[in-house]
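Residues in the sequence shown are numbered consecutively from 3, following the numbering used here. Just so you know, even glycine gets a beta-carbon here, dropped at the ideal spot from N, CA and C. All values derive from a computational prediction rather than experimental measurement.
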Amino acid sequence: MEIQCIHFDLDSVLYIPATFLKNTLGLAVKTMIEHGLRAEPAEALHTLREIRSVDSNAGDHFDRLCKFYNGVEDPIIIASGVEKYWDCKSGNMMAAPGAYSVLEALSHTYRLTIVSNGRPVKQAAKLVRLDLARFFTFHDPDRDIQLNLFYATDDPARAKPYPYLWEQAQRERPYSFEKALMVGDRYWADILGAKLLGMTTVKIQQGEHRHETIEDAYRKNSRSPFLSGSKKDREEILAAMIPDFTIETLQELPAVIEQLTRNI
């Protein structure tokens with residue numbers, strides 16, 4: 003197989019949300035209370051977790067928390083939470099084991115892209131803070147400019163498994179879906195979306211979704227508009243969530259790629 007492009011999801015693939023998140027959120031809530039949030043710490047932390055459970059990458063968690071308790075979105079209260087969160091998090095963010103060495107090796111041979119669900123600026127900030135953005139660039143010799151091969155959205159109608167992000171990447175730097183690889187941690191968003199486009203898929207078993215089964219993924223998304231708009235039945239969707247390869251860590255990815263390219 004000729005590989006023209008390797009797509010990576012970000013969260014739980016290249017970036018591992020650390021166990022310190024609970025303490026970070028707790029400190030952010032405490033700071034918001036000090037600046038006027040009308041709530042008890044434990045109760046506010048519980049509410050914040052519920053807000054985050056809907057979409058952990060949304061950019062308005064603290065806005066919604068403030069409005070829930072105070073009835074309005076107070077800029078000072080919200081900013082105090084946001085700043086404390088990033089102050090605590092930035093010094094403790096960590097890339098996935100093997101991320102730097104694997105990306106460094108692959109970037110010399112393959113075009114690498116990020117395809118991620120989430121607020122674009124927030125997702126991009128993770129790449130920059132972790133010094134991973136440099137692996138996802140391309141120099142266009144015709145225009146003598148550098149392109150950042152980063153594609154993200156928090157629009158539910160465009161987010162994976164919808165094809166929008168992959169198609170956006172294809173428009174910017176043409177490639178064949180049949181000659182592309184998708185590396186992700188989610189059966190629903192990463193594997194299903196990529197397989198339906200004809201890509202080869204690699205499921206990495208790390209992060210909070212590592213114990214999720216295909217049936218779990220289907221059940222959680224059984225009322226998704228994506229399904230109602232699809233012409234495929236349940237069995238076809240389940241089959242499309244079966245990855246071509248499964249790995250435990252990024253260090254196993256080069257061997258998968260070697261196997262694929264050997265079978266040309």
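Quiz item: Just curious, the alpha helix (DSSP H) that T251 is in, first and last residue?
Solution: Where T251 is concerned, there is no enclosing alpha helix (DSSP H), given that its DSSP letter is neither H nor E.
Exercise. Report the three-state DSSP secondary structure of D65 (helix, strand or coil).
Key: helix
Practice problem: Specify the secondary structure class of L183 as computed by DSSP and reduced to three states. | Solution: strand
Self-check item: Beta-carbon proximity check, I116 vs L149, cutoff 8 Å
Solution: no
Self-check item: Contacting residues, own chain, Cβ-Cβ under 7 Å from L2 (five flanking each side not counted)
Solution: Missing from the structure shown is residue 2; the chain here goes from 3 to 266 and no further.
Quiz item: Taking just the CA atoms, how far does L229 sit from N223?
Solution: 8 Å
Practice problem: Would you mind working out which of S82, A135, I80 sits nearest Y102, comparing C-alpha positions? | Solution: A135
Quiz item: Considering only residues of the same chain and omitting the five flanking positions on each side of T251, which have a CB-CB separation below 8 Å?
Solution: A98, P99, G100, I206, Q208
Quiz item: When DSSP labels each residue in this structure, what does T202 get in the three-state scheme?
Solution: strand
Quiz item: Quick one: is N59 buried, meaning 16 or more other Cβ sit within 10 Å of its Cβ, or exposed?
Solution: buried
Exercise. Count the other C-beta atoms from every protein chain shown that fall within 10 angstroms of the C-beta of T218, then say buried if there are 16 or more, exposed otherwise.
Key: Before going further, note that residue 218 is Asp rather than Thr in the sequence given. It is exposed - the Cβ of D218 has fewer than 16 other Cβ atoms within 10 Å.
Self-check item: Host alpha helix (DSSP H) of A30 (start-end)
Solution: 23–36
Quiz item: If you follow the alpha helix (DSSP H) that V1 is part of, which residue opens it and which one closes it?
Solution: This structure cannot speak to residue 1, because the chain is shown only from 3 to 266.
Quiz item: Are L12 and Q172 closer than 8 Å when you measure CB to CB?
Solution: no
Self-check item: Selected residue, minimal CA-CA separation from T263, among K181, A241, K233
Solution: K181
Exercise. Reducing DSSP to helix, strand and coil, say where N72 ends up.
Key: helix
Exercise. Please name the residue in T155, L39, D187 whose C-alpha comes closest to that of D76.
Key: L39
Self-check item: Residue interval of the beta strand (DSSP E) (run including L149)
Solution: 147–150
Self-check item: Distance between beta carbons of V74 and L50, contact taken as under 8 Å
Solution: Between V74 and L50 the Cβ distance is about 17 Å, and since that is not below 8 Å, they are no contact.
Quiz item: Can the beta-carbon of R66 be found closer than 8 Å to that of I53?
Solution: yes
Quiz item: Is the beta carbon of G195 sitting closer than 8 Å to the one on P165?
Solution: yes
Quiz item: Pick from I8, P245, I249: whose alpha carbon is nearest that of T111?
Solution: I8
Self-check item: Sequence-distant residues of the same chain with beta carbon closer than 6 Å to A161, five excluded per side
Solution: N119, T155
Exercise. Output yes or no for whether 8 Å exceeds the beta carbon distance between I193 and T202.
Key: no
Quiz item: T139 lies in the beta strand (DSSP E); which residues open and close that run?
Solution: 139–142
Practice problem: From the DSSP output, in three-state form, read off H48 for me. | Solution: helix
Exercise. Answer yes or no: does any C-beta atom of chain D fall closer than 8 Å to that of D235?
Key: Among the chains of the structure shown, chain D does not appear; only one protein chain is present.
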